[in-house]
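Since the structure comes first, as structure tokens, the remarks are kept for the end.
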Ligand SMILES: Cc1cc2nc3c(=O)[nH]c(=O)nc-3n(C[C@H](O)[C@H](O)[C@H](O)COP(=O)(O)OP(=O)(O)OC[C@H]3O[C@@H](n4cnc5c(N)ncnc54)[C@H](O)[C@@H]3O)c2cc1C
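Numbering (my numbering), first residue to last: 13 to 395.
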């Protein structure tokens with residue numbers, strides 16, 4: 013595979029993981045990233061990385077950088093909207109049976125991967141404007157008006173992929189909208205190794221630790237948050253929180269005082285066909301994730317590893333066969349995990365007080381493996 017001339021579109025989790033794995037096998041791809049070097053990797057949020065992602069860091073011999081910049085997660089707690097604990101799960105079985113389950117800031121993960129690849133291999137402030145396939149080659153036009161020929165293209169420009177639109181018709185992919193969304197802020201100087209979520213009626217809060225700080229998420233139905241504005245939305249939530257839950261109250265105050273926080277709208281997407289001849293979709297552009305199960309980045313890395321593994325046995329004349337094998341090996345795994353993130357979304361994003369009370373009661377009888385049965389299957393290799 014060493015003589016393959018590969019273009020990767022998008023320097024996100026999927027694209028960079030794939031580039032690092034290719035480099036390890038002697039292939040240096042060109043990566044185009046639409047953000048400039050200055051604006052790249054500036055928006056950040058927290059990632060929980062399951063061993064599905066962490067194991068790829070092992071493959072890249074990046075485990076010491078990864079461990080240094082992240083923390084091991086020990087527990088997952090679901091609370092009621094007044095802050096009281098409803099159900100607690102230990103995550104130790106993941107750490108013991110599979111590998112370390114870790115919290116890391118997305119920015120840190122991206123930095124580790126960029127350092128491995130070398131930023132000179134990334135063309136910042138650049139996108140693809142046209143692609144044409146012909147006889148095992150893809151001719152690509154770039155936003156700077158240059159044209160270049162490649163053996164294959166890996167499209168990894170995220171859930172709202174613009175590059176996908178160049179070859180895929182609108183009826184070949186679809187979006188699933190929860191009509192919920194929310195904001196992220198950071199609480200600095202915190203040592204926590206427990207995910208804490210607060211499932212309310214028309215509100216959802218989460219505390220997601222990474223190294224030395226905690227990512228705070230507050231969300232709700234788009235129409236309510238947009239109509240009320242973040243300040244009033246948080247003020248209303250705070251009224252119902254019992255005074256002893258000080259960390260949650262501090263987290264909410266931090267979010268209320270954050271200037272212009274970015275509003276994440278929660279939808280995902282699914283694409284019917286993951287490849288067209290020598291062009292393949294990777295990560296969220298193939299199958300995007302709601303953040304509810306915290307598994308999108310892990311699956312993007314798992315997919316990058318599967319793709320590079322299949323490519324490692326391919327020659328230039330049979331790349332589309334390698335891509336076919338990759339898709340048949342990976343797609344069901346990814347869609348299985350996506351189904352859990354949708355299921356969790358339905359449990360978390362509830363508007364009615366009555367339904368949320370029933371849910372809060374019922375959740376006490378669920379084990380973690382039951383809550384995320386599909387992801388458990390993926391971890392076990394049953395998919
Ligand atoms: C708030 C939030 C919390 C999340 N929490 C978790 C979690 O805890 N655990 C987890 O596993 N997952 C989580 N996810 C999901 C996870 O972030 C995604 O599944 C993952 O980042 C997908 O990787 P990707 O490389 O496909 O896309 P991205 O990481 O979105 O990267 C896409 C890259 O392509 C670039 N790009 C975009 N358009 C173009 C273009 N036209 N040309 C060139 N470049 C382009 C972008 O600038 C970006 O660099 C979360 C997501 C959100 C929004």
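Cβ coordinates follow ideal geometry from the N, Cα and C atoms, glycine included. Remember, it's a predicted structure, so these values are computed and weren't measured experimentally.
8 Å contact criterion, which residue i and residue j should meet: CB distance rounded
i	j	result
residue 19	residue 42	5 Å
residue 268	residue 246	5 Å
residue 77	residue 328	About 33 Å; that fails the 8 Å criterion.
residue 315	residue 13	So it is not a contact: roughly 18 Å between Cβ atoms.
residue 220	residue 24	Contact doesn't hold; Cβ gap of about 19 Å is too wide.
residue 307	residue 301	6 Å
residue 66	residue 111	5 Å
residue 338	residue 322	4 Å
residue 58	residue 227	3 Å
Alpha-carbon to alpha-carbon, residue j and residue i
i	j	result
residue 30	residue 37	11 Å
residue 87	residue 104	7 Å
residue 304	residue 147	42 Å
residue 223	residue 113	13 Å
residue 264	residue 119	23 Å
residue 84	residue 158	45 Å
residue 294	residue 100	34 Å
residue 40	residue 134	11 Å
residue 82	residue 217	22 Å
residue 253	residue 262	11 Å
residue 285	residue 117	31 Å
residue 122	residue 69	12 Å
residue 196	residue 299	23 Å
residue 145	residue 168	18 Å
residue 350	residue 277	17 Å
residue 274	residue 109	37 Å
residue 215	residue 234	11 Å
residue 166	residue 32	13 Å
residue 367	residue 48	46 Å
residue 178	residue 139	12 Å
residue 93	residue 374	15 Å
residue 164	residue 128	22 Å
residue 309	residue 241	30 Å
residue 7	residue 176	Residue 7 lies beyond the range of the chain shown here (13 to 395); nothing can be said about it.
residue 395	residue 311	13 Å
residue 354	residue 251	29 Å
residue 71	residue 317	9 Å
residue 46	residue 136	6 Å
residue 237	residue 125	35 Å
residue 91	residue 207	10 Å
residue 170	residue 369	36 Å
residue 198	residue 249	18 Å
residue 51	residue 377	46 Å
residue 190	residue 364	15 Å
residue 385	residue 161	44 Å
residue 342	residue 313	11 Å
residue 209	residue 102	14 Å
residue 260	residue 358	23 Å
DSSP state of residue i mapped onto helix, strand, coil
i	result
residue 390	helix
residue 69	helix
residue 326	coil
residue 185	strand
residue 161	strand
residue 57	coil
residue 27	helix
residue 153	strand
residue 11	The first residue shown for the chain is 13 and the last is 395, placing residue 11 beyond what the model contains.
residue 140	strand
residue 175	coil
residue 395	coil
residue 62	coil
residue 343	helix
residue 306	coil
residue 51	coil
Beta-bridge partners of residue i, as assigned by DSSP
i	result
residue 292	166 and 287
residue 14	Paired residues: none, contrary to the question.
residue 46	Looking at the DSSP assignment, residue 46 forms no beta bridge with any residue, so it has no partner.
residue 200	225
residue 148	According to DSSP, which records beta bridges pairwise, residue 148 is partnered with nothing at all.
residue 19	42 and 165
residue 192	233 and 278
residue 135	44
Minimum Cβ-Cβ distance from residue i to chain B less than 7 Å
i	result
residue 117	Any reference to chain B falls outside this structure, which holds one protein chain only.
Distance cut-off 6 Å: residue i Cβ against heavy atoms of ligand 3
i	result
residue 86	As presented, the structure is devoid of ligand 3, carrying ligand 1 as its sole ligands.
Q. Which full runs of the alpha helix (DSSP H) of 4+ residues lie inside the stretch 349-380, going along the chain?
A. 365-375
Q) What are the start and end residues of each continuous beta strand (DSSP E) run of 3 or more residues lying completely inside the stretch 207-280, in chain order? A) 216-222 and 225-233
Q.
Quick check for students: name the residue ranges of the alpha helix (DSSP H) that lie wholly in the stretch 76-128, counting only runs of 4 or more.
A. 104-109
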